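Residue 1 is where the sequence shown starts when you use my numbering, and the numbers rise one by one after that.
Glycine residues also receive a C-beta, built at the ideal position from the N, C-alpha and C atoms.
Source: prediction; values computed, not measured.
Comments concern the structure below.
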Amino acid sequence: MYYQTQRNSDMRRWRLEAFFIAVGLTALGFLVKTGVTDKAKDQTITVQGIAEAEVTAGKIVWPIVYKELGSDLSYLQYNITSKNKLITDFLKANGVTDDEFRVLPVEVSDTQTDRLLVNRPYQRYIATSVIVVTSNEVEKVHKLLSDQNFFWRQSIALINDDSRYTIAYEYENFNSIKAKLMEEAVTNARLNVEEFASGLEYKIGKLKKASQEQCIITDNLSTSFKKKLRVEVTADFYLQYD
């Protein structure tokens, strides 16, 4: 009787171990392990689940920056004012409202008083003009940003190397999307391990616990205002006997 009981116990352990080996060999992308105890109700299986989604920016900040050189401040001011009007008219003609852009005060530096300049330019003054576009209509503004023909035709050379003024995207719904992806990753983990448990004497029970392992954000190479979000979780499920 003892031999038969021990044999049954060994058989159950052997089948459980075989199940985990099969899952580990077949379920690519999912890490499966288990800790078998003396009590069936405490037996668990640990699975890594993955979920991905594309996240679109909810806001764009586009600083339009250009410089003008001159030795006559009055003439320099006239050029800046004229070009700023060309730019703002262009923005409004393409659906950008007055509330979505602002013209910053012009910065003027005098090269004659700048001791850091080794080779001084022929023109004495350098004026920097900045118009900041801030909008929730990201695709609309991004389309204008990608089309530089207008600025070239107006002899406006945009500056992109000023670290103070860089294009920025805001992802306002990031946390809510990440929370949904965590739930989806746990569901995916259960579905995959249940598929391999089908037909065996063990079933996947309730979720014991789940924790986030990684949250990876990568750029979308074709669209700069979109990101790819990947969430990986580790989920522990109870095992149930038939």
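Under the three-state reduction of DSSP, which class applies to residue i: helix, strand or coil?
| i | result |
| --- | --- |
| residue 77 | helix |
| residue 89 | helix |
| residue 72 | coil |
| residue 23 | With a pLDDT of 43 at residue 23, under the threshold of 50, the modelled position of that residue is not reliable, and no figure is offered here. |
Quick check: the Cα distance between residue i and residue j, rounded to an integer number of angstroms?
| i | j | result |
| --- | --- | --- |
| residue 97 | residue 59 | 15 Å |
| residue 101 | residue 217 | 29 Å |
| residue 64 | residue 220 | 23 Å |
| residue 111 | residue 170 | 37 Å |
| residue 103 | residue 73 | 19 Å |
| residue 213 | residue 240 | 26 Å |
| residue 163 | residue 184 | 39 Å |
| residue 57 | residue 42 | 45 Å |
| residue 148 | residue 207 | 54 Å |
| residue 234 | residue 202 | 20 Å |
| residue 223 | residue 238 | 43 Å |
| residue 151 | residue 88 | 12 Å |
| residue 81 | residue 174 | 40 Å |
| residue 129 | residue 75 | 15 Å |
| residue 53 | residue 227 | 9 Å |
| residue 142 | residue 44 | 50 Å |
| residue 85 | residue 79 | 10 Å |
| residue 155 | residue 172 | 36 Å |
So who's on the other strand from residue i, going by DSSP bridges?
| i | result |
| --- | --- |
| residue 237 | 45, 207 |
| residue 128 | 67, 107 |
| residue 221 | Beta-bridge pairing links residue 221 to no other residue. |
| residue 228 | 54, 218 |
| residue 83 | In the DSSP output, where bridge partners are listed per residue, residue 83 has none listed. |
| residue 267 | The structure shown does not extend to residue 267, since the chain spans only 1 to 242, so no value can be given for it. |
| residue 61 | 134, 168 |
Measuring alpha carbon to alpha carbon, tell me which residue in the options is nearest residue i.
| i | options | result |
| --- | --- | --- |
| residue 186 | 198, 173, 175, 204 | 204 |
| residue 178 | 215, 107, 95, 68 | 215 |
| residue 113 | 236, 105, 123 | 123 |
| residue 55 | 138, 156, 190 | 138 |
| residue 94 | 145, 167, 190, 166 | 145 |
| residue 127 | 159, 193, 143, 134 | 159 |
| residue 132 | 191, 48, 165 | 165 |
| residue 68 | 153, 108, 190, 209 | 108 |
| residue 92 | 153, 140, 71 | 140 |
Check your understanding: At which residue ranges does the region 132 to 206 contain complete alpha helix (DSSP H) runs of 4 or more residues, listed in the order of the chain?
Key -> List check, alpha helix (DSSP H) in window: 138 to 146, 149 to 153, 174 to 197.
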